[in-house]
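A.B. asks: This is the structure I have questions about; it appears just below.
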Ligand SMILES: [Zn+2]
C-alpha cells in the first residue's frame, strides 16, 4: 500500500524530482532484494553445522567448520558494510551532497584564479574530491575486512604499511588515468556539436581498449611482483598443453599473490598472438612462499623441477601446506584455456552489455563447458582433486541457498561441478 501511494505521489512531481525519486526507489529495491537473498544464505551457514553426507568424501569436518565460520563472518561484514553504503548514498542524494561538492569545486577553482569559464577545471576538481571522499569512507571497511576478518581466518598476508602504501598508490594511479581521460572527454563533448555523443562513445571505447592492453604489462606490475615461471617440468608441460590446442602462449608468469593473501588463482591475458598465463604463487604447491617455512622446518628444499619426493614432503607438512600439484595446476589451466578455445572471453564482452543476471547464468554454463574441455584433455581426475583442494584452501562453503547462488555465483556450486566431472572421470 505504502509503496503504491508513494509511487502515485511520484508521478505528480516535477521531472527532476521524479528521476531523483526513481533512482532512490530502484536503489532500495535492489538493496532489499539482495539483503533478502543474503539472509537466506546466512540461514544456510547457520543451520548446516555438519558435513552433508554427499560431501563426506571431499571435505573433512574440520575444514567444513572453518569454512562455515569464515563465510558467516563475511556475511555479517557485508550486511553492515552494505547497510552503511546504502544509507550513505541515500543521505548524499537527500541532502544535496552532489550539488554541494560541485559548488565547493567552483570555490577551489576561484581561489586558484580560474574563472567560471573553466568548467572543465571545475569538473576535474569535482571528480578528484568525489573519488577522494569515496576512498576515505571506504578505507575503514577495507581495513576491517583485511586485518580483522581475513586475518582471523588465516588469509591476510599484508602488513599495515603495505596496505596503506598500496591504497595510496592505487589512488594516485587511478587519478593519473582518470583526470586526463575525463578532461579529454569533457573537451570532446564541448566541441563535439550535435554528434558529441558519438565522438564521446568512440573515445571511451578507444580508452578502454588501450587500458585493457596496457593494464597487465604496465599497471598491474606497479602493485605486484611478476616473475617468469622458472624453466622446468611444469613450464614444459604448460607449453606442451598450450601447443596442443594452438594457444599462442608467449610467457608464463608467477605473481606474488602471497604478499596480499593466501587465496589462490590463475588466469591468462593478452590480445591475438600474444597470450600470457599468470599463476598465483599460492596456487603452486612448490613455489608458494607460504609453504617455504614449512618446508624449511622439515629440513627440505622446495622442489624446482616438479619431480621427486612429493609424497614424502606431503606426509610431513600435510597440516598446513597449501596449493596444488603440477598435474592439478595443469588441469586448472586446461579449464582456463577451455574458456579461450570456446570463445568465452569475446562472448562475455558482448553479453556484458546486457543485464548482469544473464551474465551470471551464462558464465555458469561456460564454467561447465570449460570443465568438460579440461576433461577432454584427459584432466578429469586431476581437475576433480584440484577443485576440492582449491575449495579447501579458499575456505569455500560447499552448501548454498539455491536462490542466493543463482543470483550471485558466477561459478556453479562445487558439488555440481564435481558430479559433472565424475561421470567420466575414468576416461
Ligand atoms: Zn572458469
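Residue numbers (UniProt numbering): 1 to 427.
Even for Gly, the Cβ is constructed at its ideal location relative to N, Cα and C.
All figures in this text were calculated on a predicted structure; none of them were measured in a lab.
Can you tell me whether residue 399 is helix, strand or coil according to DSSP?
C.D. replies: It is coil, neither helix nor strand.
A.B. asks: Would you mind stating whether residue 264 and residue 322 have Cβ atoms separated by less than 9 Å?
C.D. replies: Yes; because the gap between Cβ atoms is below 9 Å, this pair is in contact.
A.B. asks: Taking its Cβ as the centre, do 16 or more other Cβ atoms sit within 10 Å of residue 335, making it buried, or is it exposed?
C.D. replies: Residue 335 is buried by the Cβ-count criterion.
A.B. asks: With distances taken from each beta carbon to the nearest heavy atom of ligand 1, which residues come in below 6 Å, in chain order?
C.D. replies: Listed by chain position, these are 335, 339, 367 and 370.
A.B. asks: How many Å lie between residue 324 and residue 134 at the Cα?
C.D. replies: 38 Å
A.B. asks: Span of the alpha helix (DSSP H) holding residue 227?
C.D. replies: Residue 227 -> not in any alpha helix (DSSP H); beta strand (DSSP E) instead, spanning 226-228.
A.B. asks: Mark residue 16 as exposed unless 16 or more other C-beta atoms lie within 10 angstroms of its C-beta, in which case mark it buried.
C.D. replies: Under this definition residue 16 is an exposed residue.
A.B. asks: Would you call residue 214 buried or exposed, if buried means 16 or more other Cβ atoms sit within 10 Å of its Cβ?
C.D. replies: exposed
A.B. asks: So, is residue 312 buried or exposed, given that buried needs 16 or more other C-beta atoms within 10 angstroms?
C.D. replies: Note on residue 312: pLDDT 37, under 50, position unreliable in the model; the coordinate value appears next. Exposed: under 16 other Cβ atoms inside 10 Å.
A.B. asks: Sort 242, 26, 68 and 51 by Cα distance to residue 61 and report the nearest one.
C.D. replies: 51
A.B. asks: For the region 246-266 against the region 219-235, do three or more pairs of beta-carbon atoms, one drawn from each stretch, fall closer than 8 Å, so that the two count as touching?
C.D. replies: Because the criterion of three Cβ pairs below 8 Å is met, the region 246-266 and the region 219-235 touch.
A.B. asks: What does the Cβ neighbour count give for residue 338, buried or exposed, with the cut at 16 atoms within 10 Å?
C.D. replies: buried
A.B. asks: Taking the CB atoms as reference points, tell me whether residue 184 and residue 171 lie closer together than 9 Å.
C.D. replies: no
A.B. asks: Quick check: the Cα distance between residue 106 and residue 180, rounded to an integer number of angstroms?
C.D. replies: 19 Å
A.B. asks: Which partner residues does residue 358 have in the DSSP bridge list?
C.D. replies: For residue 358, which the question treats as bridged, DSSP gives no partner whatsoever.
A.B. asks: Express the C-alpha separation of residue 97 and residue 19 in angstroms, rounding to a whole number.
C.D. replies: 16 Å
A.B. asks: Any contact of the region 239-252 with the region 266-276, i.e. 3+ C-beta pairs under 8 Å?
C.D. replies: Yes, the region 239-252 touches the region 266-276.
A.B. asks: Indicate the three-state DSSP secondary structure (helix, strand or coil) for residue 377 in the structure shown.
C.D. replies: Annotated three-state conformation of residue 377 is coil, per DSSP.
A.B. asks: Taking 9 Å as the threshold (C-beta atoms), are residue 398 and residue 59 in contact?
C.D. replies: yes
A.B. asks: Got a sec, what are the start and stop residues for the beta strand (DSSP E) residue 251 sits in?
C.D. replies: DSSP places residue 251 in the uninterrupted beta strand (DSSP E) bounded by 249-255.
A.B. asks: Taking the Cβ atom as the reference point for each residue, do residue 162 and residue 46 lie within a distance shorter than 9 Å?
C.D. replies: In this structure, residue 46 does not lie closer than 9 Å to residue 162 by Cβ.
A.B. asks: DSSP puts residue 324 in a beta bridge; with which residues?
C.D. replies: 284
A.B. asks: Is the region 384-403 in contact with the region 354-369, if contact means three or more CB pairs nearer than 8 Å?
C.D. replies: no
A.B. asks: Hey, would you say residue 90 sits closer than 9 Å to residue 65, going by beta carbons?
C.D. replies: no
A.B. asks: Where does residue 156 fall in DSSP's three states?
C.D. replies: strand
A.B. asks: Let me know if residue 36 comes out buried or exposed under the rule of 16 or more other beta-carbons within 10 Å of its beta-carbon.
C.D. replies: exposed
A.B. asks: I need the straight-line Cα distance from residue 300 to residue 286, nearest angstrom please.
C.D. replies: Residue placement at residue 300 is flagged as unreliable, the pLDDT there being 38, under the threshold of 50; the coordinate-derived value follows with that caveat. Rounded to the nearest angstrom, the two C-alpha atoms are 11 Å apart.
A.B. asks: For the beta strand (DSSP E) that contains residue 200, what are its first and last residues?
C.D. replies: It is not in any beta strand (DSSP E) - residue 200 instead sits in the alpha helix (DSSP H) that spans 196-214.
A.B. asks: Determine, using beta carbons only, whether residue 145 and residue 197 come nearer to each other than 9 Å.
C.D. replies: no
A.B. asks: Alpha carbon to alpha carbon, what distance is there between residue 156 and residue 31?
C.D. replies: 29 Å
A.B. asks: My output table needs one value for residue 273: the three-state DSSP class, helix, strand or coil.
C.D. replies: coil
A.B. asks: Taking 9 Å as the cut-off, decide whether the C-beta atoms of residue 124 and residue 182 are in contact.
C.D. replies: yes
A.B. asks: Can you name the start and end residues of the alpha helix (DSSP H) that residue 259 belongs to?
C.D. replies: It is not in any alpha helix (DSSP H) - residue 259 carries neither H nor E in the DSSP assignment.
A.B. asks: Using only the alpha-carbon positions, how far apart do residue 102 and residue 130 sit?
C.D. replies: Taking the straight line from one Cα to the other gives about 10 Å.
A.B. asks: Taking Cβ to Cβ, would you say residue 347 is nearer than 9 Å to residue 373?
C.D. replies: no
A.B. asks: Quick one, which of 21, 343, 149 and 282 has its alpha-carbon nearest residue 329's?
C.D. replies: 282
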